[in-house]
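Engineer: Each residue of the sequence shown is one higher than the last, beginning at 36 in this note's numbering. No residue lacks a Cβ here, since even glycine has one placed at the ideal position from N, Cα and C.
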Amino acid sequence: MSRNLELFERGKQVIPGGVNSPVRAFGQVGGTPRFVKRAEGAWFWDADDKQYLDYVGSWGPAILGHAHPEVVKAVQDAAVGGLSFGAPTEGEVAIAEEICKLLPSVEQVRLVSSGTEATMSTIRLARGFTGRDLIVKFEGCYHGHSDSLLVKAGSGLLTFGNPSSGGVPADCTKHTLVLQYNDVNQLSDTFKELGDKIACVILEPIAGNMNLIKPSAEFVKALRALTEQYGAVLIYDEVMTGFRVALECAQGLHGITPDLTTLGKVVGGGMPLAAFGGRADIMGKIAPLGNVYQAGTLSGNPLSVAAGLATLRLIQQPGFHAALGTRSARLAQGLAEAAREAGVPLSSDSVGGMFGFYFSESVPASYAEATRCDIPRFKAFFHAMLDEGVYLAPSAYEAGFISIAHTEALIEDTIAAARRAFANI
Ligand SMILES: *Cc1c(COP(=O)(O)O)cnc(C)c1O
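1) Are the beta-carbon atoms of S401 and N220 separated by less than 8 angstroms?
2) Taking K209 and F195 to be in contact with their CB atoms under 8 angstroms, please state how far apart those CB atoms are, rounded to whole angstroms.
3) Around the C-beta of I50, are 16 or more other C-beta atoms found within 10 angstroms, so that it is buried, or is it exposed?
4) Assign K227 to buried or exposed, taking buried as 16 or more other Cβ atoms, counted over all protein chains shown, within 10 Å of its Cβ.
5) Does the beta carbon of I241 come closer than 8 angstroms to any beta carbon on chain B?
6) Assuming C176 and A82 make a contact with CB atoms under 8 angstroms, what is their CB distance in whole Å?
7) If you run the structure through DSSP and keep just helix, strand and coil, what is H418?
8) Who are the Cβ neighbours of R73 in its own chain at under 6 angstroms, not counting the five residues just before and after it?
9) Using a threshold of 8 angstroms, state whether the C-beta atoms of S383 and S395 are closer than that.
10) When DSSP labels each residue in this structure, what does E201 get in the three-state scheme?
11) Apart from the five residues just before and just after Y328, which ones in its own chain have a Cβ nearer than 7 angstroms to its Cβ?
12) Please go through the stretch 87-131 and give each complete alpha helix (DSSP H) segment of 4 or more residues, from N-terminal end onward.
13) State the start and end residues of the unbroken beta strand (DSSP E) segment that holds S385.
14) Tell me E75's beta-bridge partners as DSSP assigns them.
15) Do you know offhand how far L348's Cα is from G360's?
16) Closest to L298 by CA distance: which of S251, A453, S148 and F457 is it?
17) Given 7 angstroms as the limit, tell me if Y216 has its C-beta closer than that to any heavy atom belonging to ligand 1.
18) Would you kindly report the start and end of the unbroken alpha helix (DSSP H) that includes F394?
19) At a cut-off of 7 angstroms, is T208 close to ligand 1 when judged by its beta-carbon and the heavy atoms of the ligand?
20) Ignoring anything shorter than 3 residues or poking outside the stretch 243-294, list the beta strand (DSSP E) runs there in chain order.
21) Provide the residue(s) that pair with K187 in DSSP beta bridges, ordered along the chain.
22) Report the three-state DSSP secondary structure of G435 (helix, strand or coil).
23) With distance defined between alpha-carbon atoms, name the residue in P399, A431 and I450 nearest to R362.
24) What three-state label does DSSP hand C489 in the structure shown?
25) Would you identify the three-state DSSP class for L427, choosing helix, strand or coil?
26) Using three-state DSSP, classify L146 as helix, strand or coil.
27) If I'm right that D272 touches T154 with Cβ under 8 angstroms, what's the distance once you round it to whole angstroms?
28) With a threshold of 7 angstroms (Cβ to nearest heavy atom), would K172 be considered close to ligand 1?
29) Please report the straight-line C-alpha distance between I317 and K47, rounded to a whole angstrom.
30) Just tell me which of V58, S339, V301 and T157 has its CA closest to the CA of A234.
31) Any heavy atom of ligand 1 closer than 7 angstroms to the beta-carbon of K72?
32) Using CA atoms only, rank isn't needed, just tell me which of E127, L427, G312 and S199 is closest to Q63.
33) Have a look at E376, R69 and A342 and flag the residue whose alpha-carbon is nearest the alpha-carbon of V107.
34) Would you give the residue range spanned by the beta strand (DSSP E) that G313 belongs to?
35) Taking the beta strand (DSSP E) that I450 falls in, what are its first and last residues?
36) Rounded C-beta distance between I437 and F392? I'm assuming under 8 angstroms.
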């Protein structure tokens, strides 16, 4: 029997669904999840010692490839000095300085341990700062699993959200408005009607949790103009895009200065670290300076900070993001070409170290459009690629990630594998 299957069966006895985060269970694609034994560069090896070219990269953090020697060394050195203190360290100051240096919109920043904590805390902060309750999010954007953000659109144009998870009281989501991504009219109508009650707008500035979806320039401009006009806080949730789409993040690409930004994934270099920061007048409302409470026993953990600092320094090498961008663009284009040759309708897109491919004629602009893709075909392609030793995200609604260890030659190998996969499905 496959060792992956054996571990999955064993795991299911003691872990719900055998996994510690739902998408890992292969629910959408079926089959047995691959249990990772070790990983290096662009590759990982599963429990059966089969080798895979990894396009998930821990869902984004592995931008340098797995187990980069300098990152590993930084973590080892930190570990020898103690694992956690519950008291401040120099590393925390250094990584905060680094983040503030790289992101002009961030004057002050606080470290936390997960993206969920970062987004949850920014929402609380925006409410505390404005004294307002309403928050606006967009359908298909994921901001972690705190109650007020686990919400789906109600029916009708201007409706408050309904819980999208069991265990979330409707009372927790009744202040959350869910709008359509890229719908400028709906956004401005919402502000006209409720603008003076809206504490904040939170968005994935380039969406990566409903496959890869880019905002239009008009949408981005309207977001900044309306939040400014009505005194609402604009939150760029860059947990996925931060330091991945560009060194200056999505906000740099957009030429937008958000009020608050959340970071995670790349910023921790594979360790549990996330951050939120922005305008000093808003950040000054957090305890101990202000009355908005926020805390964490392991916040700014020295091992996580060491991994994050080493990663942030390495990605500042000249040409780093340009190389990532060229390679993911080539991958996206190559996948579309391979599909076209096989007569399979497929579109694709990319930005920096992120890519998306869609089993539909055109690149989607919203959640509704993203869900109009051919899921059975995606499943067949996913498994054909897995057989080829290429590990794609096990869901049609996730973006793909490359690392700097994904060389041009590996990208060409992947396109060749896709050509064979399309021919067989
Ligand atoms: C991953 C992600 C989160 C949640 O981060 P966790 O570390 O998984 O809690 C929040 N927002 C976005 C945009 C993400 O991609």
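Structural biologist: The answer reads as follows:
1) no
2) 6 angstroms
3) exposed
4) exposed
5) The question asks about chain B, but that chain is absent: this structure has only one protein chain.
6) Approximately 34 angstroms separates the beta-carbon atoms of C176 and A82; this is outside 8 angstroms, ruling out the contact.
7) helix
8) W80
9) no
10) Note that residue 201 is Gly in the sequence shown, not Glu. DSSP places G201 in coil when its eight states are reduced to three.
11) A322
12) 104-115
13) Looking at the DSSP string, the run of the beta strand (DSSP E) that includes S385 is S382 to V386.
14) W78
15) According to the sequence shown, residue 348 is Arg rather than Leu. Going by the C-alpha atoms only, they are around 19 angstroms apart.
16) S148
17) No, Cβ of Y216 sits at least 7 angstroms from all heavy atoms of ligand 1.
18) Looking at the DSSP string, F394 is not in any alpha helix (DSSP H), and its letter there is neither H nor E.
19) Checking every heavy atom of ligand 1 against the Cβ of T208, none is found closer than 7 angstroms.
20) Here the runs fully enclosed are 268-273.
21) N197
22) strand
23) It is I450.
24) The question about residue 489 has no answer here: the residues shown for the chain are numbered 36 through 460.
25) coil
26) DSSP places L146 in the strand class (E or B) of the three-state scheme.
27) 6 angstroms
28) no
29) 44 angstroms
30) T157
31) no
32) L427
33) A342
34) Per DSSP, G313 belongs to the beta strand (DSSP E) from A309 to G313.
35) Here I450 belongs to no beta strand (DSSP E); instead the alpha helix (DSSP H) covers E443 to N459.
36) 13 angstroms between Cβ atoms; not a contact.
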